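I have placed the structure first, in the form of C-alpha cells, so that the comments after it can refer back to it.
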C-alpha cells in the first residue's frame, strides 16, 4: 500500500517549518518570528512571517494550540518524511530516479569535502547495500 504523498512546501514556508522542526516543544508565533528575524538573516516583516505561519496551519502542516492569549505551533509533518519525499521527487524529475547519476555529479564537486565521519557513514551504508544485494542475488 502506498503512503500518502507529502505536498511540496514553498521555500518561504519552508523557512518557517525549519524553525518549528528544530524546536523540541510547540512555539509561539512571537518565538518563530524572533528566530527567523535574528537567526536566519532574512529581512522579513512580522506580518509576512505570521502570514506564512497561518498558511502552514491552514494547509495542515502545523498544529495550533491556544494558551491564554497566545497561539503555539507544532509540526504535523515529520521533517525526515518530508525530506525523503522531496528528495525522491527531485531524483525522478532531474535524474530519472537514478541516485547513481546524482552521486557521480557530486563525486567531482562535493565529495572531496566530506568529513571523515561522513565518509565513514557512507562506507557503512554502501556496505549494508552490498550485503543486501548479495542476499537477493547470491
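Residue numbers (our numbering): 186 to 323.
Beta carbons are placed, not taken as given, at the ideal position from N, Cα and C, and that holds for glycine.
Just so we're clear, the structure is a prediction, and the values are computed from it rather than from any experiment.
At a Cβ-Cβ threshold of 8 Å, residue 262 and residue 191 count as neighbours. In the DSSP annotation of this structure, the continuous segment of the alpha helix (DSSP H) that includes residue 279 starts and ends at 264-280. In this structure, the alpha-carbon of residue 215 lies about 27 Å from that of residue 266. Pairing residue 200 with residue 227 gives a Cβ-Cβ distance under 8 Å. By the criterion of at least three beta-carbon pairs nearer than 8 Å, the segment 279-290 is not in contact with the segment 230-245. When secondary structure is reduced to three states using DSSP, residue 248 falls in the strand class.
DSSP places residue 254 in the coil class of the three-state scheme, outside both helix and strand. Straight through space, the alpha carbons of residue 212 and residue 254 are spaced by roughly 14 Å. In the structure shown, residue 283 adopts coil according to DSSP, grouped into three states.
By the beta-carbon neighbour count (other beta carbons within 10 angstroms, threshold 16), residue 310 is exposed.
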